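Asks: Below: one structure in structure tokens.
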DNA sequence: TTAATTTTCAAACACTCGTTTGAAATTGAT
DNA sequence: ATCAATTTCAAACGAGTGTTTGAAAATTAA
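Protein chains in written order, with our numbering: chain A, -18 to 197; chain B, -18 to 197.
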């Protein structure tokens, strides 16, 4: 029996579309490629998701929802301990949420990070509208936590460091090395998420807790 | 007189294509969009660049060449001073190269960073072949410089930190905030490159010089 | 078993894609 | 002014795009 065929039609579409969107982008992926990979009739996408746009949103939300839920749970748990105001512990809780997503096959393994990395560079209109208001809590809560943990920094500088941290993190997990463009064989290997996290932690910890660039 | 029309046809095409590629990606940009924006006949692209792929390569190389040249010159200059083995000075020379590119209109201002950020997420086949061997010197030289400056780190860990540094840097300049996906209004403003660099420096400096995650 | 509902399917829809053509217009050199 | 080379142009090429249709098949309910 074909392994692909054992899953629901809509799930097969989501799985196939996810991988293709990651590798070739939204515009670089055609409905026929998706339905061929999913071994499904081409009309099935419109039947289940309404449109190609609707499919993309479904693909994204399938990963975003558990990630947001997981990282918020980690933060809530942390805030009930004595480490609530430790910036490194906060960074670790965010990192471990991504790590946990990456290690759970039911969440798509590391696929979700690559999807995120793809998506935030390639902002579809539909994401700009619906997603932010639904998941805005994530950035709000982490920003607040970091502001408490780093009182010597202005809110703006905290936001910048959160930005730097997540950029380094997501691109590391996704294997997106800027300078890969200039290098034949990559210098780093992102295959092992545990190792990536191990490399990340000292860099991020030191970066977050470094002296303020401007007075708060 | 139309400002656009004063430039050569091929330059008008490059300028229009660059902006469109950045905003909508390679597959999301059509030849007709490009030639309409450039106020040029659609056949002109194939006449001057052979194909859409050829155009993309030309768009990329126009920015990559001066950036690579500039950053290598900065490094060479640094290596003749007493700061040759200061990791922070090395990071600063890389940062200042990007900053200088961003401040010079003849290099496209900050456009080149956005193009880089777009491109390394969306790797066209043509870039994987021709570019690396031509510009490989950039990563090689900076990697070697950082290895000398950070002898307590393994070469692999140096490569990782270079990766983290460039990810944070390019995405900051390009205004690509991962978590923008989850937030209605952006928390940081990447408009002023000087300010971005100011925010970046303490984070990157501390990150680069933090204790090793593993023994060298 | 019959009837109602859900799902699948091949075919076609109108449209856009990158590229090519061959002639017209422009430019530069003699 | 004449010729040659370069550049521009409208039009068309075949192929691929996302979506829709209406009937066939499969599933579920009665």
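Backbone N, C-alpha and C fix where the C-beta goes; we use that ideal spot for every residue, glycine too.
Here the structure is a predicted model, which is why all the values come from computation and not from measurement.
1) Residue 11(A) to residue 39(B), Cα distance in whole Å?
2) Using only CA atoms, which one of -12(B), 186(B), 153(B) and 192(B) lies nearest to residue 175(B)?
3) Select from the stretch -11 to 13 of chain B all residues with a C-beta closer than 9 angstroms to any C-beta belonging to chain A, and list them in chain order.
4) When the cut-off is 8 angstroms and only beta carbons count, does residue 192(A) lie next to chain B?
5) When the Cα of residue -11(B) is compared with those of 5(B), 26(B) and 8(B), which residue comes out closest?
6) Ordered along the chain, which non-local residues of its own chain (more than five positions away) have a Cβ less than 7 angstroms from that of residue 136(A)?
7) List the whole-angstrom C-beta distance separating residue 138(A) from residue 193(A), where the pair is believed to meet the contact cut-off of C-beta under 8 angstroms.
8) Judging by CA-CA distance, which residue of 143(B), 53(B), 59(B) and -2(B) is the nearest neighbour of residue 30(B)?
9) Using 10 angstroms around the beta-carbon of residue 170(B), count the other beta-carbons present and answer buried if the total reaches 16, otherwise exposed.
10) When you compare the CB positions of residue 269(A) and residue 44(A), do they come within less than 8 angstroms of one another, or not?
11) Give the single residue among 124(B), -6(B) and 4(B) whose Cα lies nearest to the Cα of residue 68(B).
12) Relative to the alpha-carbon of residue 180(A), which residue among 24(B), 94(B), 35(B) and 188(B) has its alpha-carbon at the smallest distance?
13) With burial defined as no fewer than 16 other Cβ atoms inside 10 Å of the residue's Cβ, what is the status of residue 157(B): buried or exposed?
14) Among residues of its own chain, excluding the 5 on either side of residue 186(A), which ones have a beta-carbon nearer than 7 angstroms to its beta-carbon?
15) For a quick check, are the C-beta atoms of residue 60(A) and residue 126(A) less than 8 angstroms apart?
16) Straight-line CA distance for residue 42(B) to residue 119(B)?
17) Residues of the stretch 95 to 106 of chain B in Cβ contact with chain A at a cutoff of 7 angstroms, in chain order, please.
18) Using beta carbons (cut-off 8 angstroms, strictly below), is residue 82(B) in contact with chain A?
19) Of the residues that make up the stretch 32 to 48 of chain A, which ones have a beta carbon closer than 7 angstroms to any beta carbon in chain B?
20) Would residue 53(A) and residue 150(A) be called neighbours here (beta carbons separated by less than 8 angstroms)?
21) I'd like to check one pair, residue 3(B) with residue 92(B): are the Cβ atoms closer than 8 angstroms?
22) Where in the stretch 7 to 95 of chain B do unbroken runs of the alpha helix (DSSP H), each at least 4 residues long, occur, reported from the N-terminal end onward?
23) Please check if any C-beta of chain A sits within less than 8 angstroms of the C-beta of residue 174(B).
24) Just verifying my parser: in three-state terms, what is the DSSP assignment at residue 173(B)?
25) Please return the same chain residues whose Cβ sits closer than 6 angstroms to the Cβ of residue 182(A), not counting the five positions on each side in sequence.
26) For residue 142(B), which option in 177(A), 116(A) and 172(A) has the closest C-alpha, if you only look at C-alpha atoms?
27) Considering only residues of the same chain and omitting the five flanking positions on each side of residue 195(B), which have a CB-CB separation below 8 angstroms?
28) When the Cα of residue 32(B) is compared with those of 96(B), 79(B), 57(B) and -9(B), which residue comes out closest?
29) Please state if the CB of residue 51(A) and the CB of residue 78(A) are separated by a distance shorter than 8 angstroms.
30) Cα separation between residue -4(A) and residue 9(A)?
31) So, does the CB of residue -16(A) fall closer than 8 angstroms to a CB anywhere in chain B?
32) In this structure, how does DSSP classify residue 183(A) when only helix, strand and coil are distinguished?
33) Along the stretch 144 to 159 of chain B, what residues have a CB closer than 7 angstroms to any CB found in chain A?
34) Figure out for me which residue from 168(A), 131(A), 130(A) and 133(A) has the closest Cα to the Cα of residue 145(B).
35) Check for me: the alpha helix (DSSP H) holding residue 190(B) runs from which residue to which?
Replies: Looking at the coordinates:
1) Translated into positions along the first chain, residue 11(A) becomes position 30. Translated into positions along the second chain, residue 39(B) becomes position 58. Their Cα atoms are separated by approximately 26 angstroms.
2) Stepping through the second chain from its first residue, residue 175(B) is reached at position 194. It is 153(B) whose Cα lies nearest to the Cα of residue 175(B).
3) Near chain A, meaning a CB-to-CB distance below 9 angstroms, the residues of the stretch -11 to 13 of chain B are 5, 6, 7, 8, 9 and 10.
4) Here residue 192(A) is taken as the residue at index 211 of the first chain, counted from 1. By this cut-off, residue 192(A) is an interface position.
5) Here the question's residue -11(B) lines up with position 8 in the second chain. Nearest Cα to residue -11(B) within the set 5(B), 26(B) and 8(B): 26(B).
6) As a working mapping, residue 136(A) is identified with position 155 in the first chain. Closer than 7 angstroms at Cβ, skipping near neighbours: 128.
7) On the first chain, position 157 is the one that residue 138(A) refers to. On the first chain, position 212 is the one that residue 193(A) refers to. Indeed, because the Cβ distance is near 6 angstroms, the residues count as touching under 8 angstroms.
8) As a first step, residue 30(B) must be located in the second chain, where it is residue number 49. Considering only 143(B), 53(B), 59(B) and -2(B), the residue with the shortest C-alpha distance to residue 30(B) is -2(B).
9) On the second chain, residue 170(B) is found 189 positions in, with the first residue counted as 1. By the neighbour-count rule (16 or more Cβ atoms within 10 Å), residue 170(B) is not buried but exposed.
10) Any property of residue 269(A) remains undetermined from this structure, which presents chain A solely from -18 to 197.
11) Numbered from 1 along the second chain, position 87 holds the residue referred to as residue 68(B). When 124(B), -6(B) and 4(B) are compared, the shortest CA-CA separation from residue 68(B) is found for 124(B).
12) Within the first chain, numbered from 1, the residue matching residue 180(A) stands at position 199. 188(B) is the residue among 24(B), 94(B), 35(B) and 188(B) whose C-alpha sits nearest the C-alpha of residue 180(A).
13) The residue you call residue 157(B) lines up with position 176 of the second chain. Buried, since its Cβ has 16 or more Cβ neighbours within 10 Å.
14) Within the first chain, numbered from 1, the residue matching residue 186(A) stands at position 205. Once the five neighbours on either side are set aside, the close Cβ partners of residue 186(A) are 69 and 72.
15) As a first step, residue 60(A) must be located in the first chain, where it is residue number 79. As a first step, residue 126(A) must be located in the first chain, where it is residue number 145. At the C-beta level, residue 60(A) and residue 126(A) come within 8 angstroms of one another.
16) On the second chain, position 61 is the one that residue 42(B) refers to. On the second chain, position 138 is the one that residue 119(B) refers to. When rounded, the separation of the alpha-carbon atoms in residue 42(B) and residue 119(B) is 14 angstroms.
17) Here the close residues are 97, 98, 99, 100, 101, 102 and 103.
18) Start at 1 with the first residue of the second chain, and residue 82(B) comes out as number 101. For residue 82(B), the answer is no, since every Cβ of chain A falls outside 8 angstroms of its Cβ.
19) Of all residues in the stretch 32 to 48 of chain A, none has a Cβ within less than 7 angstroms of some Cβ in chain B.
20) Translated into positions along the first chain, residue 53(A) becomes position 72. Translated into positions along the first chain, residue 150(A) becomes position 169. Contact flag unset, no.
21) Indexing the second chain from 1 puts residue 92(B) at position 111. Indexing the second chain from 1 puts residue 3(B) at position 22. Yes, Cβ-Cβ distance for residue 92(B) and residue 3(B) is below 8 angstroms.
22) If only complete runs of 4 or more residues are kept, the stretch 7 to 95 of chain B shows the alpha helix (DSSP H) at 12 to 18, 24 to 30, 33 to 59 and 68 to 84, in order along the chain.
23) On the second chain, residue 174(B) is found 193 positions in, with the first residue counted as 1. Under the Cβ distance rule, residue 174(B) does not count among the residues neighbouring chain A, no pair being separated by less than 8 angstroms.
24) Mapped onto the second chain, residue 173(B) falls at position 192. Here residue 173(B) sits in coil by DSSP.
25) For the purposes of this step, residue 182(A) is taken as the residue at position 201 of the first chain. Residues of the same chain with a CB within less than 6 angstroms of the CB of residue 182(A), apart from the 5 flanking positions on each side, do not exist.
26) Along the second chain, read from residue 1 onward, the residue named residue 142(B) stands at position 161. Residue 177(A) is the option with its Cα nearest to residue 142(B).
27) Locating residue 195(B) in the second chain gives position 214, where the first residue counts as 1. Residues of the same chain with a CB within less than 8 angstroms of the CB of residue 195(B), apart from the 5 flanking positions on each side, are 135 and 138 in chain order.
28) Residue mapping note: residue 32(B) aligns to position 51 of the second chain, counting from 1. Of 96(B), 79(B), 57(B) and -9(B), the residue nearest in Cα terms is -9(B).
29) Locating residue 78(A) in the first chain gives position 97, where the first residue counts as 1. Locating residue 51(A) in the first chain gives position 70, where the first residue counts as 1. Yes, they are a contact pair.
30) The residue labelled residue -4(A) in the question sits at position 15 within the first chain. The residue labelled residue 9(A) in the question sits at position 28 within the first chain. Spanning the two alpha carbons is a distance of roughly 17 angstroms.
31) In the first chain, the residue the question calls residue -16(A) occupies position 3. Bear in mind that a pLDDT of 42 at residue -16(A), under 50, signals an unreliable position, so the model cannot answer this.
32) For the purposes of this step, residue 183(A) is identified with residue 202 of the first chain, where counting begins at 1. Of the three classes helix, strand and coil, the one that applies to residue 183(A) here is helix, per DSSP.
33) Listed by position, the residues of the stretch 144 to 159 of chain B near chain A (Cβ gap below 7 angstroms) are 144, 145, 147, 148, 149, 151, 152, 153, 157, 158 and 159.
34) Taking the second chain and counting its residues from 1, one reaches residue 145(B) at position 164. Residue 168(A) is the option with its Cα nearest to residue 145(B).
35) As a position in the second chain, residue 190(B) is number 209, starting the count at 1. From DSSP, residue 190(B) is part of no alpha helix (DSSP H); its letter is neither H nor E.
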